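Chains as they are written, first to last, in the numbering used here: chain A, -2 to 410; chain B, -2 to 410. Heads up, the thing below is written out as structure tokens.
Shown next, in the form of structure tokens:
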């Protein structure tokens, strides 16, 4: 990628709720809105025709010579979880625009239109639901109900948050966001690997053949609470200790699956009232379980559910909530898109390897409505969702070159 | 207690950061400052001479016929942990003023001066240190250093917070708060039991012979963090799971002590970044361990410390912090003060029982500089630090009557 793109990535990183080098950019906050303006301007300065849908997915299109043909698209997201880094998602949005600019500079004329996309809220931070933009775009049948019931931790609804960010039709006109199966001829997402393999093996390009499916669980235990000094141990029903046991059970059940492709994480635990001299009377957990094998993952989810009931019964707490927030199937990439990326890598003399994505991406949902593949580039030590997340200029430039060449092949078919 | 006192308790409950029936009143916040004004006015309307020291301990004195004699005092606190109730502490402050008013109404003339006290920040909510007011008043040798280093979760120092609340000399003139051993001839604190025994046994008055000593620990684990999908299980060092193990170890080590008087609680756990799709790279715990036997409690603290090191080594996380925030010795009540309360109960025909306090109180520190005892009254199911904390008007009235009579006896000696 060119120096200019790195400036763009650095500029985007300044739209953050937390100090550098960390980046925190949560859906529909002021910094998210500022990043959206920046992306629209970036697309306009690249002479793309910009469209924004009712929930803020942003599309920049370069019209092809056959505009009635299905479009070839590339994109990712710009939102960032608390205290994350500046490359996750951003490389795929800025990179899509850069790839299109490079093709234009090279005198290329696309047959199919080419489109750069910025998806709304790939991260589940604010409303507990991941990939809101691509999920709605792909016509996920359950997403409307999920969003209608979604509130953030300040009890603000998804619709109100969208309205405040300027998306007045996010509630009433959600169905307008979905596009049909005929819209996209192919979708390619450029992304940092978020794992260590490419860097360790000295390979420039990863070609993603499958994306692991995530399941997200929301769990709540309620106990009696009380004073940390006054209530004897045998009279307690401590919701916090129930949560501690469940977090350890998630790890145990994942390891019992026997496959290294199964992973599980308890990334959120909140205790109430959360005072050092008060027994937790309420504990909320956010749990993430993934696998490239959907049924193996779902078996872990059911073991975690059974253990949550067992813990509640044994500790005399109430399992107030055990919600499967989402349980998305894994996705397979499409052969001809994989092939286009592979040929591009080979023509550019860049080493590549086939791999799976353990992290999910907007591609997980785009794969439902379009032939899809992903391009991975190395990142420092595989770090991601951390302030020290890093990709080199050279690796980003390689990714953009492969993306541009693959898009040119796909748009000519 | 009289209807008027209940109105005062209800009025105080309106100074809260959270909606009724919960009460949240944190040191030096606007609601804490409002409660302080209310208490000063209450004391003034009872014709007491009001004094406030550099950190906001408030004293209302009824001068005795021998004002050079050491004073007899009673009091408690009005701060409340998040989502607590309206009786903890408040009954002992309002009750002290009511007891003095009752004595005045009865035509009593004290020989020793009588004093009602509201102590600053008995709860450790804001700065992690309990009983700040009584600790400083009693000349705790380590408190100045603790307060000089204390910051709240917004990184505001104790001194700045005090200054903002109008206590301009809290930093420079902390030593002016301490009073000597000669100041108080006796101290009696009225309080709800915060345990179920009096209610269960139908006894009106508990007389506290000893107060369990609390130890507070601040613990922090740091791990590698990373993406919840991308990092394989065997490559993780999850700070959140280390915290979960330690919380369960606190419970285990407490139960191993073999005494029902040993209790331990992990009331605070904070994970960073705290996102569902991110492995916790940092976990902070607040742990409280108590016993009426100081050495048995300290043995549990040391076992928890050893286990924290063992967990860190096994999970490949760093034990970034293991701080004993306080480790106060238990306190014994003084016989002649116990005797005064016992005689008062008997003269009023109220059943009483000797008991220990598992919760700590400002009396734990007042006992270092004054002969001390406590009066407990029943509370609903032993609930405390909860919105449904409750004491009946009749039980409060009985407590105030016993307190008034005990104060009259002590002030005449």
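In this text, a Cβ means the ideal position worked out from N, Cα and C, and glycines have one as well. Quick caveat: nothing in here was measured; it's all calculated off a predicted structure.
Asked: Residue-chain proximity (residue 148 of chain B, chain A), Cβ-Cβ < 8 angstroms; Found: no
Asked: Partner residues on chain B for residue 257 of chain A, Cβ-Cβ distance less than 9 angstroms; Found: 229, 230, 231
Asked: Residue 307 of chain B, DSSP secondary structure in three states; Found: helix
Asked: Beta-ladder partner(s) of residue 111 of chain B, from DSSP; Found: B:59, B:69
Asked: Option nearest residue 308 of chain B by Cα separation, candidates B:43, B:375, B:230, B:234; Found: B:234
Asked: Beta-carbon contacts of residue 182 of chain B that lie in its chain and below 6 angstroms, excluding the five residues immediately before and after; Found: 67, 69, 109
Asked: Pair within 8 angstroms by beta-carbon distance, residue 222 of chain B and residue 355 of chain A; Found: no
Asked: Under 9 angstroms (Cβ pairs) to chain B, residues found in the segment 350 to 361 of chain A; Found: 354, 355, 356, 357
Asked: Rounded Cβ spacing between residue 370 of chain A and residue 334 of chain A (contact assumed at less than 8 angstroms); Found: 4 angstroms
Asked: Sub-8 angstroms separation of residue 25 of chain A and residue 158 of chain A beta-carbons; Found: yes
Asked: Three-state secondary structure assigned by DSSP to residue 172 of chain A; Found: helix
Asked: Bridge-paired residues (DSSP) for residue 22 of chain A; Found: A:77
Asked: Chain-order list of residues whose beta-carbon lies under 6 angstroms from that of residue 368 of chain B (same chain, five-residue window excluded); Found: 183, 331, 334
Asked: Cutoff 8 angstroms: residue 242 of chain A Cβ touching any chain B Cβ; Found: yes
Asked: Terminal residues of the alpha helix (DSSP H) in which residue 374 of chain B lies; Found: It is not in any alpha helix (DSSP H) - residue 374 of chain B instead sits in the beta strand (DSSP E) that spans 369 to 374.
Asked: Contact list for the segment 377 to 409 of chain A against chain B, Cβ threshold 8 angstroms; Found: 379, 380, 381, 382, 383
Asked: Test: residue 276 of chain A CB closer than 8 angstroms to a CB of chain B; Found: yes
Asked: Cβ-Cβ separation, residue 348 of chain A to residue 201 of chain A (assumed contact under 8 angstroms), whole Å; Found: 5 angstroms
Asked: Residue of B:129, B:392, B:134 minimising C-alpha distance to residue 376 of chain B; Found: B:392
Asked: Interface flag, residue 304 of chain A vs chain B, CB-CB below 8 angstroms; Found: no
Asked: Buried versus exposed, by CB contacts within 10 Å (16 or more), residue 39 of chain A; Found: buried
Asked: Residue range of the unbroken beta strand (DSSP E) whose run includes residue 434 of chain B; Found: It is not possible to answer for residue 434 of chain B, since the shown part of chain B is limited to -2 through 410.
Asked: Beta-carbon contacts of residue 30 of chain B that lie in its chain and below 8 angstroms, excluding the five residues immediately before and after; Found: 162, 163
Asked: Nearest-angstrom Cβ-Cβ length linking residue 381 of chain A and residue 224 of chain B, presumed shorter than 8 angstroms; Found: 4 angstroms
Asked: C-beta atoms of residue 123 of chain B and residue 75 of chain B nearer than 8 angstroms; Found: no
Asked: CA-to-CA distance, residue 44 of chain B to residue 344 of chain B, given in whole angstroms; Found: 28 angstroms
Asked: Members of the segment 120 to 142 of chain B near chain A, C-beta cut-off 9 angstroms; Found: 120, 121, 122, 125, 127
Asked: Contact check, residue 282 of chain A vs residue 266 of chain A, beta carbons under 8 angstroms; Found: yes
Asked: Own chain, CB closer than 8 angstroms to residue 405 of chain A, minus 5 neighbours either side, in chain order; Found: 100, 105, 107
Asked: Three-pair Cβ contact test at 8 angstroms for the segment 235 to 245 of chain A versus the segment 241 to 249 of chain B; Found: yes
Asked: 8 angstroms contact criterion, which residue 438 of chain A and residue 397 of chain A should meet: CB distance rounded; Found: Missing from the structure shown is residue 438 of chain A; chain A here goes from -2 to 410 and no further.
Asked: Closest Cα partner of residue 278 of chain A within the set A:19, A:171, A:220; Found: A:220
Asked: Bridge partner(s) assigned by DSSP for residue 262 of chain A; Found: A:285
Asked: Partner residues on chain A for residue 238 of chain B, Cβ-Cβ distance less than 8 angstroms; Found: 244, 245, 248, 263
Asked: Segment contact flag, the segment 202 to 211 of chain A with the segment 193 to 208 of chain B, C-beta cutoff 8 angstroms, min 3 pairs; Found: no
Asked: 8 angstroms Cβ cutoff, residue 22 of chain A in contact with chain B; Found: no
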